[in-house]
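Notes follow the structure.
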Amino acid sequence: MECPQSAGTNSKPPQMNEDVARIIVEHLANDCFVINPRLHWTSLVSLNKSFNNAVRHLLAKTSKVALEDVYGDVRIILTCEPIPNCCHALTSSISFEEKELAASFVRFVARNVSKWLTIDVEDYSEHTGDDEVMKALSYFPRIDTIIFRRPQCFCPVCCALVDHAGPDVKIVERSEDGSDDERESLTSGHASGGGDNSEEDDHDDLYIRDVDDY
12 MECPQSAGTN SKPPQMNEDV ARIIVEHLAN DCFVINPRLH WTSLVSLNKS
62 FNNAVRHLLA KTSKVALEDV YGDVRIILTC EPIPNCCHAL TSSISFEEKE
112 LAASFVRFVA RNVSKWLTID VEDYSEHTGD DEVMKALSYF PRIDTIIFRR
162 PQCFCPVCCA LVDHAGPDVK IVERSEDGSD DERESLTSGH ASGGGDNSEE
212 DDHDDLYIRD VDDY
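What follows is the structure in structure tokens.
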């Protein structure tokens with residue numbers, strides 16, 4: 012007679028139901044603020060097909076992406092639309108020590124988002140004119156609002172981001188007291204098509220490939 016324990020060892024692991032995977036991902040994405048990227052809900056994208064689909068399904072609901080400079084680290088805050096049976100948006104953050112990895116993560120998110128969204132760089136105002144994380148924001152195909160700290164930054168990457176968003180983008184300048192000044196873009200408004208930068212496609216999976224190596 013075959014040992015049940017031995018049979019169980021040789022059997023394939025049960026398939027995860029995709030609906031269950033979505034419930035787990037959505038639960039983890041609710042107020043998930045982590046420093047270690049391995050603990051962020053998006054890291055489940057590499058687990059199996061069900062979790063891969065669940066993560067990408069929720070990323071498609073992203074309505075806002077914010078960047079923050081926290082003691083030299085890059086914090087990326089994602090806000091997703093409310094899911095069924097949830098009255099508030101899902102907000103989570105992930106932090107990176109390396110800007111290359113942060114930029115890869117932004118591109119990874121952008122590849123899964125086709126809806127209009129807001130970009131908030133109010134708390135990322137100390138970036139350089141060639142900041143690669145700022146450049147990665149132009150991979151989002153549809154940007155309807157960009158939030159800057161007052162006065163608006165006109166460095167090369169910020170101008171490129173506004174130009175990529177197009178002539179109808181709403182520019183919000185936020186002062187330290189929290190008041191907003193809204194206006195239309197002052198740039199030419201010729202969309203640069205940053206989301207179609209295929210020459211970097213080979214590097215866009217850096218976040219996924221290294222998710223177990225942090």
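Just so you know, my numbering puts 152 at position 141 of the sequence shown, and the rest follows in order with no gaps. Using N, Cα and C, we set each Cβ at its ideal position, and we do this for glycine too.
* N-terminal and C-terminal residue of the alpha helix (DSSP H) that Ile88 is part of -> Element bounds for Ile88: not the alpha helix (DSSP H) but the beta strand (DSSP E), Asp84 to Cys91.
* Straight-line Cα distance separating Val66 from Val56 -> 6 Å
* Within 8 Å, strictly: CB atoms of Cys91 and Ala40 -> yes
* Starting from Leu128, trace the alpha helix (DSSP H) both ways and give me its first and last residue. => Taken as a continuous stretch (DSSP letters only), Leu128 belongs to no alpha helix (DSSP H), being part of the beta strand (DSSP E) at Leu128 to Asp134.
* Counting only runs that start and end within the stretch 141-178, where is the beta strand (DSSP E) found for 3 or more residues in a row? -> 154-160
* To do: Within the same chain, show all residues whose beta-carbon is closer than 7 Å to that of Lys75, passing over the 5 residues directly before and after it, in chain order.
  => Thr90, Leu128, Thr129 and Asp131
* Are the stretch 169-188 and the stretch 108-117 touching, with three or more C-beta to C-beta distances below 8 Å? -> no
* How many Å lie between Ala77 and Met27 at the Cα? -> 32 Å
* Go ahead and pull the three-state DSSP assignment for Val230. => For the chain, the structure presents residues 12 to 225; residue 230 sits outside this window and is missing.
* Please look up how many angstroms separate the CB atoms of His68 and Ser103, rounded, as I've assumed it's under 8 Å. => The pair is not a contact, with the Cβ atoms about 15 Å apart (cut-off 8 Å).
* Assuming Asp142 contacts Val168 under a Cβ cut-off of 8 Å, what Cβ separation, rounded to an integer in Å, is found between them? -> 5 Å
* **Candidates Glu29, Gln163 and Val45, of which the one nearest Asn64 by Cα** => Glu29
* Short check: CB of Arg153 to CB of Lys126, under 8 Å? -> yes
* **Close-in-space but distant-in-sequence residues of the same chain around Ala121 (CB under 6 Å, 5 per side omitted)** => Tyr150 and Phe151
* the ligand MN heavy atoms versus the CB of Met145: any closer than 7 Å? -> This structure lacks the ligand MN; in fact it carries no ligand of any kind.
* **Proximity winner among Ala147, Ala71 and Lys181, relative to Gln163 (alpha-carbon distances)** => Lys181
* Asked: Under three-state DSSP, which class holds Asp42?
  -> coil
* Other residues of its chain near Phe107: CB distance less than 6 Å, five sequence neighbours each side excluded -> Val85 and Ala113
* State buried or exposed for Ser199, treating a residue as buried only when at least 16 other CB atoms are found within 10 Å of its CB. => In this prediction, Ser199 scores a pLDDT of 42, lower than 50, which makes its location untrustworthy; no coordinate-derived value is stated.
* Asked: What is the residue span of the beta strand (DSSP E) that Leu78 lies within?
  -> Thr73 to Val81
* Hey, how far is the Cα of Ala147 from the Cα of Arg161? -> 22 Å
* **Val36, DSSP secondary structure in three states** => helix
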